[in-house]
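Student: Per numbering that gives the first Met the number 0, the sequence shown runs over residues 0 to 307. Glycine residues also receive a C-beta, built at the ideal position from the N, C-alpha and C atoms.
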Amino acid sequence: MPGARITGWGMAVPDKVVTNDDLSATLDTSDAWITERTGIRERRIGGTTSGLGIEAGRLALKHAGLTGDDIDVLVLATTTPDAIVPGTSATVEEGLGIAGGAFDLNAACSGFVYGLVAAHGLILAGARRVLLIGSETLSRITDWDDRSLAVLVGDGAGAVVLEATDGPTELLGWHLGADGSLRHLLKCDHGGYLYMNGKEIFRHAVRAVIDSSTIALQRAGLTPADVDLFVPHQANARIITAAAQRLGINPERYVVTIDRYGNTSSASIPLALVHALNEGRLEPGHTVLLSGFGGGMTWASAVLRWGG
Ligand code: ACO
Numbered sequence: 000m001p002g003a004r005i006t007g008w009g010m011a012v013p014d015k016v017v018t019n020d021d022l023s024a025t026l027d028t029s030d031a032w033i034t035e036r037t038g039i040r041e042r043r044i045g046g047t048t049s050g051l052g053i054e055a056g057r058l059a060l061k062h063a064g065l066t067g068d069d070i071d072v073l074v075l076a077t078t079t080p081d082a083i084v085p086g087t088s089a090t091v092e093e094g095l096g097i098a099g100g101a102f103d104l105n106a107a108c109s110g111f112v113y114g115l116v117a118a119h120g121l122i123l124a125g126a127r128r129v130l131l132i133g134s135e136t137l138s139r140i141t142d143w144d145d146r147s148l149a150v151l152v153g154d155g156a157g158a159v160v161l162e163a164t165d166g167p168t169e170l171l172g173w174h175l176g177a178d179g180s181l182r183h184l185l186k187c188d189h190g191g192y193l194y195m196n197g198k199e200i201f202r203h204a205v206r207a208v209i210d211s212s213t214i215a216l217q218r219a220g221l222t223p224a225d226v227d228l229f230v231p232h233q234a235n236a237r238i239i240t241a242a243a244q245r246l247g248i249n250p251e252r253y254v255v256t257i258d259r260y261g262n263t264s265s266a267s268i269p270l271a272l273v274h275a276l277n278e279g280r281l282e283p284g285h286t287v288l289l290s291g292f293g294g295g296m297t298w299a300s301a302v303l304r305w306g307g
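1) Verify the contact flag: Asn196, CB atom, against every heavy atom of the ligand ACO, threshold strictly below 6 Å.
2) Quick one: does the C-beta of Gly294 sit closer than 6 Å to a heavy atom of the ligand ACO?
3) Does the structure place the segment 137-150 close enough to the segment 188-205 that three or more beta carbon pairs sit under 8 Å?
4) With a threshold of 16 other CB atoms inside 10 Å of the CB of Asp103, please say whether the residue is buried or exposed.
5) Taking Cβ to Cβ, would you say Pro1 is nearer than 7 Å to Ile122?
6) Just curious, the beta strand (DSSP E) that Trp143 is in, first and last residue?
7) Below 7 Å CB to CB, which residues in the same chain sit around Thr79 once its five sequence neighbours on both sides are set aside?
8) What are the boundary residues of the alpha helix (DSSP H) that includes Gly291?
9) Is Arg317 buried or exposed, if buried means 16 or more other CB atoms sit within 10 Å of its CB?
10) Is Arg146 a contact residue of the ligand ACO, with contact defined as CB to any heavy atom under 6 Å?
11) To the nearest whole angstrom, what separates the beta carbons of Ala204 and Phe292, a pair I think is in contact under 8 Å?
12) What three-state label does DSSP hand Lys186 in the structure shown?
Structure (structure tokens):
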């Protein structure tokens with residue numbers, strides 16, 4: 000059976016930086032409140048989901064030494080598609096000249112990890128190369144007069160190329176979960192703005208990350224002590240710290256990028272992963288734990304043995 004490994008990666012964020020002080024100029028909030036409660040200092044705002052996705056995807060393909068012609072399937076994880084129909088993956092498919100199929104995946108902030116597990120499944124089913132992108136423009140569904148949400152969101156995209164390999168597969172264990180009875184906690188109706196019950200999500204999020212990560216690690220025959228790098232969804236620095244502490248993973252072993260980008264939903268894990276790679280924090284043989292949670296509610300974890 001073929002294995003799969005990540006051979007290329009890239010990211011894209013809009014040029015426009017919006018700081019906490021910028022937001023405080025029009026909202027009843029402050030840099031101190033936002034930094035202390037969320038860990039966010041600034042975020043990038045602008046662009047389109049397809050445009051950011053194309054940019055990140057192009058960099059990932061280039062890094063892998065491939066073109067769109069080489070890709071059997073494009074998976075685009077997003078909560079903020081350019082339109083309801085067609086899928087935003089269609090625009091990205093054209094922009095990158097993808098030869099194969101293309102589909103959107105919406106599992107909110109868990110979307111990238113859901114996509115990662117699905118991409119491994121596609122490779123097991125015979126695909127040779129899959130391009131997985133998480134791309135979001137949450138700013139487009141945010142009420143900029145609502146301080147409780149406006150301070151949290153950001154735009155961006157991250158992408159990875161997965162290729163079939165005759166060697167061992169990178170994916171050692173995974174866990175996907177959902178509880179639709181909690182779907183009222185985070186929602187956006189057609190044409191409306193994002194609504195979130197932050198307190199309740201916070202409560203569920205820490206538990207979801209811990210339980211899901213533990214199951215994925217158990218399935219890999221590992222424990223948190225084996226994790227070289229933990230790449231959590233970036234929704235709130237306090238959630239990351241609480242989950243990491245309870246898993247026994249110290250700060251040197253986890254990635255925080257929320258200070259620069261805010262919550263970019265399904266783009267947050269690939270953005271954090273690409274940052275860690277660019278900073279040389281991953282070496283071949285390292286064990287990587289990715290874990291996300293979000294609207295649905297959904298949660299998802301994956302354990303990779305980094306191939307390099
Ligand atoms: N600036 C200043 N004060 C604020 C702001 C703000 N931007 N927002 C809220 N407040 C006030 C509230 O009105 C409240 O005031 P009160 O005590 O007088 O009533 C006080 O600050 C405390 O508000 P809380 O909501 O209790 O603040 P909390 O510490 O819970 O932090 C937050 C709120 C940051 C939203 C937190 O609950 C959180 O991060 N939740 C999880 C969010 C999340 O993980 N979402 C996942 C998915 S997001 C997505 O998919 C886009």
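Tutor: Let me lay it out:
1) By 1-based counting over the sequence shown, the position of residue 196 is 197. Asn196 has its CB no nearer than 6 Å to any heavy atom of the ligand ACO.
2) Taking the sequence shown and counting its residues from 1, one reaches residue 294 at position 295. Checking every heavy atom of the ligand ACO against the Cβ of Gly294, one is found closer than 6 Å.
3) yes
4) Taking the first residue of the sequence shown as position 1, residue 103 is located at position 104. Under this definition Asp103 is a buried residue.
5) Numbered from 1 along the sequence shown, position 2 holds the residue referred to as residue 1. Numbered from 1 along the sequence shown, position 123 holds the residue referred to as residue 122. Their beta carbons are under 7 Å apart, which means Pro1 touches Ile122 by this criterion.
6) The residue given as residue 143 occupies position 144 in the sequence shown. Neither: Trp143 is in no beta strand (DSSP E) and is coded neither H nor E.
7) Taking the first residue of the sequence shown as 1, we reach residue 79 at position 80. These residues qualify, in order along the chain: Thr48, Glu135, Thr136, Leu137, Arg139 and Ile140.
8) Translated into positions along the sequence shown, residue 291 becomes position 292. For Gly291, there is no enclosing alpha helix (DSSP H); the enclosing beta strand (DSSP E) covers residues Thr286 to Gly293.
9) Because the chain in this structure spans residues 0 to 307, residue 317 falls outside the shown range and cannot be described.
10) One-based indexing of the sequence shown puts residue 146 at position 147. Indeed, a heavy atom of the ligand ACO lies less than 6 Å from the Cβ.
11) Translated into the one-based positions of the sequence shown, residue 204 becomes position 205. Translated into the one-based positions of the sequence shown, residue 292 becomes position 293. Right, their Cβ atoms sit about 5 Å apart.
12) Taking the first residue of the sequence shown as position 1, residue 186 is located at position 187. Three-state DSSP puts Lys186 in a strand.
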